[in-house]
Each structure stands twice: as structure tokens, then as C-alpha cells.
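Going down the list, the protein sequences come from chains B and H.
Just so we're aligned: the first sequence equals residues 324 to 861 in the working numbering.
Just so we're aligned: the second sequence equals residues 71 to 344 in the working numbering.
Here is the structure we will look at, set down as C-alpha cells.
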Amino acid sequence: MMSRLITLLLAGAFAGAALAQVRYEDLLAGPGKDWLTYAGDYRGTGHSQLRQITPANAGSLAPRWVYHVPKSNGLRTRPIVHDGVMYVTNTNEVRALDASTGRLIWEFKDTRAKKENVNRGAAILGDRVFFVTADIHLTALDRRNGSVLWQKKYGRIEEGMFSSAAPLAVKDRVIVGVAGGDTGMRGYVAALSASTGEELWRFYTVPAKGEPGSETWGDYAEWGGAATWLSGTYDPELNLLYWTTGNPWPDFYGGDRKGDNLYSCSVIALDADTGKLKWHFQFTPHDTHDWDAQAWPVLVDLPYKGRPRKLLLHANRNGFFYVLDRVDGEFLHATKLVDKLDWASGVDAKGRPILAPGKDPTPEGNRVCPGVRGATNWMSPSFNPATGLLYVTALEQCDIYTSSAKKPEPKKNFSGGGAGPKPVDLGQFFLRAFEPSTGKRVWEYPMTGPAETWAGSISTAGGVIFFGDDDGHLVAVDARDGKHLWHFQMGEGLTASPITYEAAGKQHVAIASATAIFSFGLFEPMVPAPLPVVRKAP
Amino acid sequence: MRSLAILGVGFALALALPVAAQNVEPKDPKKRHPAIGNPEAIAAGKKIFSGSCAVCHGPEGQGGRGPNLRQQVMWHTLTDEDLFKTIHTGVPGADMPGSNLPEEQVWQLAAFVRWLTSPAMEAPPPGDVAAGEALFWGKGQCGNCHRVLGRGGMLGPDLSNTGARRSVEQLREAVLDPDADGFPGYRGVKAVLKDGRAIQGVARNRTNYSLQILDSKGALHLLPMSAVKELTLSAHSPMPGDYKTRFSRQELDDLVAYLSRRSVRPYEPSSETK
């Protein structure tokens with residue numbers, strides 16, 4: 324029996340592999356049964372078509388399984404799900420789990436990586452899973468068994484960088500970025516071939532000397548930062564990638580980098596085929612508060628002042644909620660995302676902030692709102708087409724910002740100062756629902772907690788919004804009015820945003836806690852299972 | 071008075087230890103002792119090992135009266151310097167005596183013991199790599215089940231990185247005795263389902279309640295056990311167990327030489343074995 328079993332196994336070993344391919348068209352379609360990109364869909368709406376879970380039944384949600392990621396701490400991963408298999412990342416690692424049961428199918432560990440840092444997730448295309456190692460290698464794995472196909476180094480950690488973002492697969496290429504803007508580096512977005520890893524183009528977010536925009540820097544453009552540490556979004560019709568950029572360096576002292584510091588704290592629109600800059604919009608010129616622009620540019624088509632427009636919605640760390648035309652980057656309007664906002668009195672007709680006096684960091688410390696964590700951050704926003712509302716996790720907080728005029732030294736953990744709240748002045752998180760075309764707050768859900776969450780939200784066609792709160796709960800609320808439907812205490816702080824998917828015919832909601840992946844579904848009484856009949860071949 | 075005397079001894083030791091340690095701790099933690107990873111030092115260390123250590127640790131370090139030195143779990147926390155000190159001073163309270171050998175020879179022994187568990191890529195063994203590669207894809211039919219950078223079969227472990235993860239002796243053992251590591255995640259399995267279908271492959275995972283089978287075509291079957299009528303598990307690894315007779319000694323050396331050099335990244339020595 325045994326030898327026959329082995330013979331049969333080997334006989335088929337070279338047969339053509341049957342695997343449901345993930346096509347570009349599947350990625351274009353957005354989340355149905357699967358969750359195929361970090362943001363769920365190219366438009367960054369975080370909205371799924373699944374509708375089994377509704378406001379009427381969400382109260383009976385129950386945990387279905389938990390997978391503890393070995394040796395993890397502060398997981399930033401947002402799972403990808405395809406055809407019943409979930410792919411989760413940790414530092415230099417990818418694991419494939421059975422999305423119905425949480426059982427491990429395979430794991431890949433790059434034990435030779437020269438750096439460790441957080442990892443936000445994977446991308447899939449064809450029969451491959453892609454992820455970045457902390458030491459800036461894009462890695463292609465076979466989805467079936469986790470075997471490695473190639474690794475391509477696309478940056479040097481010796482230049483002050485590392486890598487953490489989930490890659491974005493677009494057509495035949497994989498778009499990647501780099502992190503490290505708090506200690507001096509030069510950011511870029513790059514496209515690598517999905518089949519070979521060959522670099523197809525690269526766009527530097529800090530122009531080289533002599534290039535347009537280089538005049539907006541002083542002496543430190545070479546180390547100017549503007550890191551690209553979060554995936555972007557993509558409009559297939561315009562063939563434009565929208566990528567947000569990080570702070571200029573040094574973070575809190577701008578005396579050596581006089582000017583706007585392009586393209587830091589901006590959204591850049593890049594041609595996906597060539598990497599050429601189509602337009603840019605800078606939210607925070609000459610930032611001195613570490614207000615990276617990393618948050619999804621959410622792409623929606625809505626009527627604006629009487630005519631349909633292709634909009635880009637962006638809730639920024641600096642406290643404003645922006646609406647742009649994503650065809651040409653025209654600024655349409657900005658409203659307050661938070662009430663605690665005192666560094667600018669508003670924005671002018673072109674969207675440039677109208678600065679309030681005396682709000683730069685000082686050697687003694689200066690209280691400024693919002694705080695350094697931002698009015699929002701990289702936690703996922705979501706948009707529900709049925710309600711027409713955008714859901715944003717917002718933090719009402721002010722911090723004491725200090726600065727140091729010490730000569731900047733790149734790669735030495737120098738950020739030109741620092742920031743943090745006074746314990747008595749700790750802020751509060753809210754989930755807020757906005758009407759995009761006006762910026763009007765329709766409802767809000769206040770949270771309790773230590774003002775430390777990194778969890779965002781997802782939207783579903785069932786009319787339920789799921790989000791991680793500041794006290795370690797996964798929470799379900801009604802998309803229409805924010806009414807509480809369900810919550811579950813995960814036992815630790817949340818550092819990633821949820822997803823939803825279907826496996827074995829059932830809708831699930833999953834989220835990474837600091838150390839584990841949790842998956843939930845509607846409660847069903849368990850059918851007693853007799854022990855299986857297992858024979859052991861001799 | 072007595073306690074003072076003990077304190078005094080302790081103080082003297084505390085003073086002495088850092089001085090003694092200076093002989094073995096390199097100033098730059100990334101700089102290893104030249105013996106570590108050096109093929110000549112490893113060969114010399116093996117010779118000394120056979121004469122002095124093998125009686126307890128086994129001729130190939132596989133253990134006996136003394137611990138198995140080829141199991142990484144025993145040694146993964148030891149730095150090169152810890153290893154040197156253990157060989158030099160022995161293990162107090164156990165049967166292992168200290169060594170009277172000159173420092174250079176202790177380092178050679180340390181190099182050999184480290185080599186037993188170090189990634190093969192660190193000091194790849196001699197052998198005809200091209201001949202080993204030809205064996206892998208040809209006569210040995212290894213590529214039917216194993217992959218190297220996307221080429222090959224699906225059922226067995228990916229070997230693209232095996233030289234950077236397994237020691238030379240582990241590689242040799244994996245070829246000669248596929249059952250030795252218990253082959254977790256690679257047990258041959260046949261599931262007859264209640265709907266009449268039969269699925270064969272390797273069980274990547276299995277509980278009383280669910281089963282994850284990878285079949286030879288590379289398709290994953292994620293099954294609740296409630297759908298399975300009968301499950302047959304192989305007692306042995308799906309990998310053939312007769313390579314000892316199928317390959318000549320030279321062919322085996324060639325194959326291990328090829329496998330030892332499989333690493334996706336170029337090999338760079340680390341400061342310590344992790």
C-alpha cells in the first residue's frame with residue numbers, strides 16, 4: 324500500500340500544475356470572496372461586496388480560529404486571501420494559512436535578511452506571492468508551496484533605508500517603496516517585473532540637484548527623506564498610481580532645508596508604465612511636525628458641485644481632510660478632520676495651509692495640535708458606496724514638539740527633535756463618517772483607550788463597518804449611523820486593519836492583533852464530529 | 071570570616087574572568103576567529119575530534135555517552151567564543167573534562183564542532199558541483215519532487231535555500247535517511263471522501279477536524295475531516311530511501327556539494343550561528 328502510494332505520488336509529480344491564477348482582471352474587480360490587495364481594491368476603498376453579515380445578525384459573530392504568529396510582536400500585517408488560502412507576513416516571513424481553519428499550510432522565512440522591521444503585508448498575482456524583506460529585497464514565492472522563485476534587491480540598507488510596505492501588483496509589475504525617513508535617506512517608488520524582478524522604472528521623491536523641485540531644499544536634499552512606506556492606490560482608466568510620501572528630514576528642525584521640500588508630505592501621481600510624474604499635491608510644505616502623508620488616497624467617482632468628477636479623498640495626518648481632482652491634481656477643498664488643529668487657520672484657494680504664528684517646534688517645547696501621531700495615520704480608511712460615506716479613524720490630540728538645531732547626521736537616529744503628549748493631555752480616538760463632497764461629519768464613534776491604536780476600518784455591502792478600536796476590540800457598527808452592533812476583546816493592542824473574505828461559503832472578518840491572526844464568522848452550533856478513520860500504511 | 075573568604079574568592083574570580091575572556095572575545099563582534107569556517111582548520115579539528123572527543127560524542131558527533139553535537143538545538147545559543155571556552159575548560163559538574171591542547175587546536179576543534187551545525191554554505195564540502203547538479207535533475211530524479219528557484223516538482227521541500235539553512239551532515243542525512251527528521255508537513259496521504267473522490271498528495275497539515283493536502287499537480291485541497299471517509303497515512307517519507315545503494319560514494323559527495331551551495335542570497339558569514 325505504502326509503496327503504491329509513493330509511486331502514485333511520484334508518477335504525477337511533473338504533471339502540469341492546476342492552480343486558480345490571480346489575474347490582473349481579478350485585482351481590478353475588487354473584493355468579492357477574496358481580499359486580493361493590501362487595501363482590498365485598487366481604489367483604496369476597503370469595501371467588500373460580501374453581505375452575509377448585516378446589522379441584523381452581526382451581534383452573533385463569534386471567533387472561528389486564531390493563529391499565533393511565532394515570535395511576533397506588533398504585527399502590522401493585513402492578510403491577503405485567495406481561494407480559501409490566507410497569506411500573512413511578519414518580519415522577513417510569509418505564511419499561508421487555511422482561511423477556514425487557521426491551520427498552517429506553508430511558511431517561508433528569510434533567515435539571511437540583514438535587518439528586521441515591521442512588515443505590512445503581501446501582494447499576489449498569477450501563481451505568486453510577493454513581499455519585501457526588511458533589507459529591501461522583493462521576494463517572489465510560489466503560492467502553492469511557498470518555494471522561492473527569486474529575490475531582487477532594490478535598495479541598500481547602507482543608505483539608511485529599510486522596507487516594510489505591502490507591494491502593489493499592477494498589470495505585469497510589482498510596485499514597491501522604501502522606509503527610513505526619520506533618520507535620513509532618499510525615498511523612491513519603483514516598479515519591478517512580476518516575472519523576473521527586473522527594475523522597470525524608479526521615481527525619486529526627492530529631486531536630484533538641478534532637477535525641478537530641487538530648489539525647494541537647502542543642503543540636505545540628498546538625505547531629504549520623503550519615504551514611501553505605505554502602498555498606494557491605482558486608477559486603471561487613467562493608468563495612474565497615487566503614492567503618498569513621508570516627512571522631510573530632519574523631522575523637527577527645518578532650518579537647514581529652507582523651502583517647501585518637494586515631494587515630501589505629498590501625494591504623487593505616477594504613470595504606471597513609465598513612472599513619470601503626472602502631477603503632485605503637497606499637503607504640508609516644509610513640514611516640521613513629522614506629518615507624513617501616509618494614508619490612502621481613496622479614489623471615488625462622485626458628483627461634485629453639480630458635475631461628476633474623479634475624486635481623490637485624503638485624510639491627512641496634519642488634521643485636514645482633502646478632496647482633489649485625481650485627473651490633474653486640482654485642489655477642490657479641505658475641511659477639518661479633527662477639532663484639535665491649531666498650526667494652521669485653514670487652507671488657501673490652492674490648498675496651501677495658512678500658517679498660524681509660533682507653531683514650529685522649539686528647544687523648550689511647544690504645544691501643537693494635532694500630535695505627532697497625526698489626526699489620522701496609515702490605518703485604513705474605508706468608503707461605502709451605498710451610504711456614500713468615508714470612514715476615518717481620527718485622533719484628537721496635541722503634543723509638545725521640541726527641536727534641536729544640531730548639525731544633522733544621517734543614519735544616526737537623529738530626527739532634529741521629538742514630540743509626544745503630556746500624560747494629562749492624552750488624546751482620544753474616534754471613528755468618523757464623512758460626507759466626501761462636503762467634508763461634513765455625519766456621525767462619530769468615540770473610543771476609549773491609551774491613544775495608541777494603528778487599526779483602521781473596512782466597509783461591507785452588508786452595511787456593516789468593522790474597525791479596530793483603541794482598547795484592543797474589533798468592533799462592528801452600522802454603516803448608516805455608527806450604531807454599535809458587536810465587539811470582541813482581542814487581548815492586546817491592535818496594530819493593523821481588518822479584512823473580510825469568504826471561505827467554505829461563509830463570510831469571515833479577520834484582523835491581526837499584536838501577535839496573532841483572528842478570524843470571525845456568524846455563530847453556528849457545532850455539529851459533533853466522530854473521530855476520523857485513519858489507517859497507517861506499513 | 072569564612073564568608074569574607076568566600077567573598078574574596080568570588081571577587082578574585084570576578085576580576086580574573088574578564089581578563090581570561092580577553093583571549094577569546096574578538097573586539098569586533100562581526101569578525102570571527104579565522105579558524106571558524108576555514109576548511110583546513112575544520113579538517114584538522116575533525117582529526118583531533120576523532121582521537122579525543124569521538125569516544126563520548128560519536129565519530130561523526132552524533133552523540134553517545136555525550137550529547138549529540140549535530141542537533142542545532144543543543145548549540146544555537148552558543149557563540150564561537152562560548153564553544154571555545156566549553157572545549158577549553160570542560161563542563162563543570164559533568165563528565166566532560168577541560169582540554170590541555172594549545173589554543174590553536176582548541177579553535178580547530180571549535181571550527182569542526184561549529185561546522186557540524188553551521189549552514190553548509192559556510193564551508194561547502196569538496197565535490198563536483200556540476201556532476202551533483204546533473205545527478206539532481208537526472209539519475210537521482212530529485213527534481214521530480216524538489217524545486218530549486220522555481221524549477222522542479224511541488225511535493226518535497228523547496229531546496230533553493232538549503233545550503234544556507236542546513237549543515238553538510240544534515241544534507242547528507244536527508245539524502246540517505248529521509249525518514250530521520252520525521253518529515254513534518256510532507257507525509258504521504260490518501261483521502262477517500264464521502265462523495266467518492268480520492269485525493270492523494272502530502273499532508274501539509276492535519277488535525278482531527280481538518281486536512282490540508284498538496285497534490286502532485288500543485289493543487290491544494292482544504293478539507294474538513296467530516297468530508298473524509300477514510301484516510302491512509304504513509305509511515306515513511308515519500309522520498310525514496312535507497313539512495314545509499316543507488317549512488318556511489320563519489321556521486322553522493324557530488325550531490326551534497328551541489329546542495330551545499332544552494333542559497334538564494336550570496337552567502338555572507340554572520341557573526342554568530344543563529
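Where is the CB? At the ideal position from N, CA and C, for every residue including glycine.
Bear in mind that the values here come from a model prediction, so they are computed numbers and not experimental data.
DSSP bridge partner residues for residue i (one or two, in chain order)
{"i": "V661 of chain B", "result": "In DSSP, V661 of chain B forms no bridge with anything."}
{"i": "K437 of chain B", "result": "Note: K437 of chain B sits in no beta bridge, so no partner."}
{"i": "V392 of chain B", "result": "Paired residue(s): none; V392 of chain B is not in a bridge."}
{"i": "G741 of chain B", "result": "B:T725"}
{"i": "V471 of chain B", "result": "B:L464"}
{"i": "A282 of chain B", "result": "Not covered by the structure: residue 282 of chain B. The range shown for chain B is 324 to 861."}
{"i": "N689 of chain B", "result": "B:Y724"}
Extent of the continuous alpha helix (DSSP H) run through residue i
{"i": "G115 of chain H", "result": "P109 to S122"}
{"i": "A204 of chain H", "result": "V199 to W207"}
{"i": "Q178 of chain H", "result": "E173 to T187"}
{"i": "L350 of chain B", "result": "Y347 to A352"}
{"i": "D323 of chain H", "result": "R319 to S330"}
{"i": "K314 of chain H", "result": "Y313 to R316"}
{"i": "G791 of chain B", "result": "Taken as a continuous stretch (DSSP letters only), G791 of chain B belongs to no alpha helix (DSSP H), being part of the beta strand (DSSP E) at V787 to G791."}
{"i": "A234 of chain H", "result": "T232 to R235"}
Under 7 Å between C-beta atoms of residue i and residue j
{"i": "A489 of chain B", "j": "G444 of chain B", "result": "yes"}
{"i": "Y565 of chain B", "j": "V529 of chain B", "result": "no"}
{"i": "F454 of chain B", "j": "V501 of chain B", "result": "no"}
{"i": "G772 of chain B", "j": "D804 of chain B", "result": "no"}
{"i": "L186 of chain H", "j": "E239 of chain H", "result": "yes"}
{"i": "N570 of chain B", "j": "D610 of chain B", "result": "yes"}
{"i": "G510 of chain B", "j": "A550 of chain B", "result": "yes"}
{"i": "E538 of chain B", "j": "M508 of chain B", "result": "no"}
{"i": "L325 of chain H", "j": "G202 of chain H", "result": "yes"}
{"i": "P308 of chain H", "j": "G258 of chain H", "result": "yes"}
{"i": "S395 of chain B", "j": "V441 of chain B", "result": "no"}
{"i": "S780 of chain B", "j": "S705 of chain B", "result": "yes"}
{"i": "Y576 of chain B", "j": "S727 of chain B", "result": "yes"}
Where residue i falls: helix, strand or coil (DSSP)
{"i": "H158 of chain H", "result": "helix"}
{"i": "V245 of chain H", "result": "helix"}
{"i": "L585 of chain B", "result": "coil"}
{"i": "H612 of chain B", "result": "coil"}
{"i": "Q375 of chain B", "result": "coil"}
{"i": "S780 of chain B", "result": "strand"}
{"i": "P746 of chain B", "result": "helix"}
{"i": "M409 of chain B", "result": "strand"}
{"i": "A492 of chain B", "result": "strand"}
{"i": "N700 of chain B", "result": "coil"}
{"i": "I403 of chain B", "result": "strand"}
{"i": "E482 of chain B", "result": "helix"}
{"i": "T462 of chain B", "result": "strand"}
{"i": "M295 of chain H", "result": "helix"}
{"i": "G271 of chain H", "result": "strand"}
{"i": "T539 of chain B", "result": "helix"}
Terminal residues of the beta strand (DSSP E) in which residue i lies
{"i": "Q282 of chain H", "result": "S280 to L284"}
{"i": "G844 of chain B", "result": "A839 to L845"}
{"i": "T823 of chain B", "result": "I822 to A826"}
{"i": "G258 of chain H", "result": "R257 to L263"}
Length of the line joining the Cα atoms of residue i and residue j
{"i": "A827 of chain B", "j": "K260 of chain H", "result": "22 Å"}
{"i": "P194 of chain H", "j": "A517 of chain B", "result": "32 Å"}
{"i": "D364 of chain B", "j": "S371 of chain B", "result": "9 Å"}
{"i": "D615 of chain B", "j": "K730 of chain B", "result": "22 Å"}
{"i": "L229 of chain H", "j": "T519 of chain B", "result": "19 Å"}
{"i": "R217 of chain H", "j": "W473 of chain B", "result": "12 Å"}
{"i": "A91 of chain H", "j": "A250 of chain H", "result": "Interpretation of A91 of chain H is limited by its pLDDT of 34, a score under 50 that renders its predicted location unreliable; the figure taken from the coordinates is listed afterwards. Cα-Cα distance, rounded: 39 Å."}
{"i": "P189 of chain H", "j": "R236 of chain H", "result": "5 Å"}
{"i": "V850 of chain B", "j": "H796 of chain B", "result": "29 Å"}
{"i": "M144 of chain H", "j": "P608 of chain B", "result": "A caution first: M144 of chain H carries a pLDDT of 48, below 50, which makes its placement in the model unreliable, though a value can still be read off. Cα to Cα, M144 of chain H sits roughly 56 Å from P608 of chain B."}
{"i": "V471 of chain B", "j": "P393 of chain B", "result": "21 Å"}
{"i": "A381 of chain B", "j": "E758 of chain B", "result": "25 Å"}
{"i": "E95 of chain H", "j": "S169 of chain H", "result": "In this prediction, E95 of chain H scores a pLDDT of 42, lower than 50, which makes its location untrustworthy; the coordinate-derived value is nonetheless stated afterwards. Each residue's alpha carbon lies about 19 Å from the other."}
{"i": "I118 of chain H", "j": "V161 of chain H", "result": "19 Å"}
{"i": "Y627 of chain B", "j": "F604 of chain B", "result": "19 Å"}
Closer than 7 Å to chain A by CB, residue i
{"i": "N396 of chain B", "result": "Checking the listed chains, one finds no chain A in this structure; the protein chains it contains are B and H."}
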